[in-house]
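Quick note: the sequence shown, position 250, residue 250 per UniProt numbering, numbers continuous. Ideal Cβ placement from N, Cα and C applies to all residues, glycine included. In what follows, a single structure is set out as structure tokens and then discussed.
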Amino acid sequence: REGRRGEGEGGKEGGREEGRKEGDENEKKEEDGNEKEILASKSDSHLKHLLQRAPEYCPESMREVWGCINSSLPGVLKKSDGWVGLGCCELAIAIECRQACKQASSKNDILKICRKEYEVICCNYAGHQTNCWEYCQAIFRTDTSPGPSQIKTLENYCVSVSPMLLNCVNNYTQSYPMRNSTDSLYCCDRAEDHVCQTACKRILMSMKTEHEIVDGLIESCKTMPLPQDPLWQCFLESSRSVHPGVTLHPPPSTVLDSAKLHCCSKANTSLCRDVCTKLYTSSRGNTQSWQEFDRFCEYNPVEVSMLTCLADVREPCQLGCRNLTFCTNFNNRPTELFRSCNAQSDQGAMNDMRLWEKGSIKMPFINIPVLDIKKCQPEMWKAVACSLQIKPCHSKSRGSIICKSDCVEILKKCGDLSKFPEGHMAESICELLSPADDLETCIPLDTYLRPSTLDNIVEDVTHPCNPNPCAANQLCEVNRKGCQPLEPCLPYFCIQGCKLGEASDFIVRQGTLIQVPSSVGDVGCYKICTCGQNGLLENCMEMHCIDLQKSCIVGGQRKSHGTSFNIDCNVCSCFSGNLICSTRQCLNELSSDDERHLFTGLPCNCADQFVPVCGQNGRTYPSACIARCVGLHDNQFEFGSCISKDPCNSNPCPKNQRCLPKPQVCLTSFENFGCNQYECVPRQFSCGDQLRDPVCDTDNIEYNNLCALHQKGKIISYKGPCQSFCKSVDLVCGHNGETYSNICAAFSDRVAVDYNGLCQAVGVLSDYSYQGECVSVTCSRLSATGYKPVIPPGACCPLYAGILRVLYDKEKLDTFARITNQKPITVLEILQKIRLHVSVPQCDVFGYFSIESELIILIIPVDQNPKPLQIEACNKEAEKIESLINSDSPALASHVPLSALIAAQVEVSFKMSSSHSQTILADYLVFWNLVLIFLAIKCNT
């Protein structure tokens with residue numbers, strides 16, 4: 001797991017334990033040697049390189065990394081646990097830099113490896129442009145900082161090739177700003193020359209970056225940054241200690257990694273929970289903490305929830321794998337999930353193989369002697385190395401563990417049994433490494449012993465954000481909006497974001513509300529923050545703590561917090577002592593014939609009648625009986641569908657404002673936060689300053705935004721650009737029971753279409769019920785794909801999709817609404833945020849609030865006649881989202897309001913054994929529909 005199951009020379013696997021054992025005896029010697037090398041150096045450029053440019057070789061890491069590493073420089077107090085503890089390394093943000101730090105035996109190793117990684121990252125953007133690529137490399141292959149002429153030349157040759165390359169190099173060449181340059185003013189008094197003292201104060205007051213400050217001091221003071229110089233020695237000290245009379249500004253975040261800190265609450269043992277919390281809070285874990293974590297937690301099967309959560313933060317599962325040169329059997333797999341399909345992991349697997357060829361596989365807690373793997377099962381060993389590096393992950397378990405049977409087989413054949421540690425056999429070793437043999441929780445090597453059977457059809461599914469094309473502080477999002485004529489068009493957007501802590505890899509969208517663990521690190525305590533324009537979390541508000549120890553008593557059994565289970569046909573979840581269940585009508589094999597005869601499958605077993613009423617929550621219910629069943633009083637609903645009402649008819653807005661219809665379905669308590677189906681906007685004379693957010697009117701004319709449309713006195717048909725196929729009024733019934741003027745109007749509400757025409761039926765809800773009115777509905781014929789379609793809850797017609805039935809905590813949503821903006825949280829808001837987590841543009845997200853009070857999320861192929869690979873991709877995306885919800889992964893739980901989603905069930909269009917099964921099934925359904933119609937007529941007569 002986490003890239004630490006083997007060793008790699010610059011790859012992602014760690015020989016960390018070996019490095020520690022061998023390094024313990026020589027650390028002090030190396031530390032003294034490095035100090036002497038710096039003091040004895042006669043190269044001004046080399047000194048400047050070490051003292052000032054070093055942080056840029058781990059360009060995405062924070063100052064704390066170098067605060068630890070520089071503890072070996074003169075004038076700085078040395079740490080008791082060596083020149084660089086593993087706690088320092090964890091502060092590095094770039095994964096390659098962090099792992100190089102942990103594996104390195106000297107500072108020079110770190111600088112060399114991290115700089116090389118950054119060179120590869122930046123210069124790869126040059127593609128096949130030789131001149132651009134060569135000038136890019138020149139930036140990194142010097143001990144001195146790049147000069148203005150070098151940077152200018154690079155810009156000239158690369159500006160038309162890749163703006164991203166220039167951004168990448170710019171991040172490298174710019175130094176990190178000091179905590180606060182004026183905090184070091186007292187250092188100027190250490191200068192022996194009065195002119196230097198004056199210049200020093202002027203420079204610190206006017207310059208912003210270390211690069212500017214250092215260059216200014218060198219020029220004004222006519223001195224190089226020698227460590228023994230009192231002026232420069234003071235600057236080193238001031239960056240890490242508080243001088244009398246000087247107050248250093250605290251870092252903007254007091255947590256190293258809020259996303260990983262969230263995972264600590266999932267630990268099953270108090271030891272692992274405490275160690276995990278220590279590592280990711282501002283207390284900064286030291287070498288001993290990391291050793292404890294590796295020894296007691298890293299491979300502990302009872303801590304799989306915590307470890308999987310940590311893996312989700314560092315390396316989330318993503319669809320698709322391609323362009324590998326060593327692990328080629330992993331290529332052409334666009335509908336499989338992997339954590340680390342990239343060039344670095346590919347290289348790491350090759351390095352692992354080279355190390356294993358020496359006859360030993362070194363693990364943190366055991367060394368496994370092996371025979372010559374070049375001759376003994378080489379393809380199997382390659383599959384092992386690649387699996388541990390590329391990390392395939394199941395949508396449910398999301399782990400990266402080799403199946404136990406494969407482990408035992410390969411060790412029995414190729415393990416050097418005579419050299420096995422005393423008391424160990426293949427089975428006992430594999431019990432430590434791969435305790436599971438369940439195909440849902442382990443990686444079967446057989447899958448990757450041969451190439452993918454897919455070839456050109458892999459292009460049916462694309463992955464614009466994998467690998468990530470954006471900068472380190474940006475979030476990649478799929479471009480689903482299309483492009484305007486003559487505008488540059490990319491399949492993705494790079495969105496500015498915030499990292500969840502000083503040492504976090506996890507980025508959230510700018511402007512969004514984020515839930516993070518409280519700064520004090522107490523388990524179950526959270527705060528809500530905003531990702532601000534400066535890239536930092538701000539305006540944080542503490543929430544009430546959640547008691548994770550509270551359990552629920554169900555049928556005499558105790559259910560712990562966070563567990564999900566079934567009661568009859570209903571899904572339930574225990575959330576901090578509260579039992580939250582779906583409200584499905586149940587029938588089982590023990591039910592009597594009378595019960596079966598009267599069973600409708602609708603809430604409260606209401607009659608199968610479609611006489612819609614509109615609830616104050618904005619949801620249309622098929623009948624008053626069902627509205628009452630879900631808890632609405634008679635004064636909280638009115639007859640007729642919600643979309644047919646005119647919310648502006650009573651002129652609810654002030655005279656200087658315009659009333660605009662705004663249909664919405666609210667998940668929060670409408671008694672407390674309202675659920676108005678309109679909004680009041682100022683009457684504007686000009687719309688020129690408003691952003692483009694296209695809308696289409698009832699005459700199929702497009703406007704830049706709602707403001708422009710209403711200034712023309714037009715009526716909106718739907719949000720989004722006008723589509724030619726939606727010109728005419730062609731009524732459709734959405735899955736939410738609302739009748740829309742056309743398919744585009746439904747899609748703009750994120751509602752998928754059930755069938756054409758007016759809504760007229762209550763759809764299928766139970767396997768045991770027969771919804772008679774669906775017989776009169778004509779469903780569109782699906783194209784033959786070899787996949788069995790599914791029917792969403794309450795719908796009549798089948799479709800190809802991944803369906804999620806989601807439970808949510810209404811109290812938590814109410815809390816969010818109360819402490820933020822006092823506005824209701826809607827179904828559309830949830831769907832828009834889930835949509836950002838679907839990485840395949842061939843799939844899109846739709847959904848609705850069911851009459852059984854569940855949130856239904858559909859992940860559907862965007863093509864009318866989807867290809868099999870696209871159906872499979874949407875299935876995998878649905879399974880991925882289900883796993884993120886059920887595991888309370890920070891990938892979703894960090895986002896308000898997605899953290900209120902507590903349990904999910906998924907149903908997907910599964911592959912059928914024969915390509916003709918689809919046609920057979922369709923004919924079968926038609927046949928039984930005719931039989932049922934005949935029986936209905938017979939009974940009536």
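From residue i to residue j, what distance separates their C-alpha atoms?
i              : j              : result
glutamine 609  : serine 780     : 23 Å
cysteine 327   : lysine 382     : 8 Å
histidine 561  : cysteine 168   : 44 Å
aspartate 455  : lysine 867     : 14 Å
glutamate 638  : alanine 795    : 23 Å
methionine 425 : lysine 362     : 16 Å
valine 753     : glutamine 684  : 35 Å
aspartate 416  : proline 444    : 23 Å
threonine 919  : valine 790     : With a pLDDT of only 47 at threonine 919, under 50, the local geometry of the prediction cannot be trusted, and no value is derived from it.
proline 451    : asparagine 329 : 4 Å
glutamine 510  : asparagine 875 : 29 Å
glutamate 854  : glutamate 811  : 15 Å
glutamine 723  : asparagine 700 : 8 Å
proline 612    : asparagine 588 : 29 Å
serine 576     : cysteine 545   : 10 Å
asparagine 124 : asparagine 479 : 23 Å
valine 370     : asparagine 342 : 28 Å
valine 906     : aspartate 568  : 18 Å
methionine 306 : arginine 596   : 45 Å
aspartate 730  : proline 824    : 32 Å
proline 488    : leucine 165    : 17 Å
aspartate 505  : serine 258     : 10 Å
glutamine 474  : cysteine 494   : 6 Å
valine 908     : cysteine 403   : 25 Å
By Cβ distance, which residues of its chain are closer than 6 Å to residue i, with the 5 residues on each side in sequence left out?
i             : result
aspartate 24  : Since pLDDT at aspartate 24 reaches only 44, below the 50 mark, its modelled position is unreliable, and no value is offered.
asparagine 26 : Per-residue confidence for asparagine 26 stands at a pLDDT of 45, beneath the threshold of 50, marking its modelled position as unreliable; the derived number appears in the next sentence. So the list is empty, once near-sequence residues are dropped.
serine 220    : Ala199
lysine 36     : Note that lysine 36 scores a pLDDT of 36, beneath 50, so its modelled location is shaky; the value from the coordinates is reported in the next line. Answer for lysine 36: no residue qualifies.
Short of 7 Å in beta carbon distance, which residues of its chain neighbour residue i, apart from the five on each side in sequence? Order them along the chain.
i            : result
residue 944  : What the structure shows of the chain is the stretch from 1 to 941, and residue 944 is not part of that stretch, so it cannot be assessed.
residue 967  : For residue 967 there is no data in the structure shown, the boundaries of the chain being 1 and 941.
leucine 935  : Because the pLDDT of leucine 935 is 42, which lies under 50, any placement of that residue in the model is unreliable, and the number read from its coordinates should be weighed accordingly. Excluding sequence neighbours, leucine 935 sits near nothing in its chain.
residue 973  : Nothing can be reported for residue 973, as the shown portion of the chain is limited to 1 through 941.
residue 968  : The requested residue 968 is not part of the displayed model; the chain covers only 1 to 941.
tyrosine 448 : Asn329, Phe330, Ala383, Cys386 and Ser387
Comparing the C-beta of residue i with each C-beta of chain C, is any distance below 9 Å?
i             : result
aspartate 455 : No chain C appears in this structure, which consists of one protein chain only.
How about residue i and residue j: do their beta carbons lie closer than 9 Å?
i             : j              : result
cysteine 581  : serine 573     : yes
glycine 802   : valine 827     : no
threonine 462 : proline 694    : no
arginine 818  : asparagine 672 : yes
glutamine 636 : alanine 627    : yes
glutamine 690 : cysteine 642   : no
leucine 813   : isoleucine 857 : no
residue 1018  : valine 255     : Examination of residue 1018 is not possible in this model, given that the chain is present from 1 through 941 alone.
leucine 884   : leucine 807    : no
lysine 419    : cysteine 376   : no
cysteine 529  : tyrosine 492   : no
proline 622   : glycine 501    : no
Could you pull the DSSP bridge partners for residue i from this structure?
i              : result
tyrosine 125   : The partner list for tyrosine 125 (beta bridge, DSSP) is empty, contrary to what the question assumes.
proline 682    : Gln657
isoleucine 643 : Paired residue(s): none; isoleucine 643 is not in a bridge.
lysine 499     : Ile507
asparagine 578 : Phe575
arginine 805   : Ile856 and Gln905
For residue i, which residues from the same chain have a beta carbon less than 8 Å from its beta carbon, with the 5 sequence-adjacent residues on both sides left out?
i              : result
proline 244    : Because proline 244 sits at a pLDDT of 34, beneath the cut-off of 50, its placement in the model cannot be relied upon, and the point is left open.
valine 408     : Ala426, Glu427 and Cys430
glutamate 702  : Pro694, Val695, Cys696, Pro721 and Cys722
arginine 658   : Cys680, Val681, Pro682, Arg683 and His710
asparagine 539 : Cys529, Thr530 and Gly532
Three CB pairs or more closer than 8 Å across the region 598 to 616 and the region 830 to 850: Segments in contact, no.
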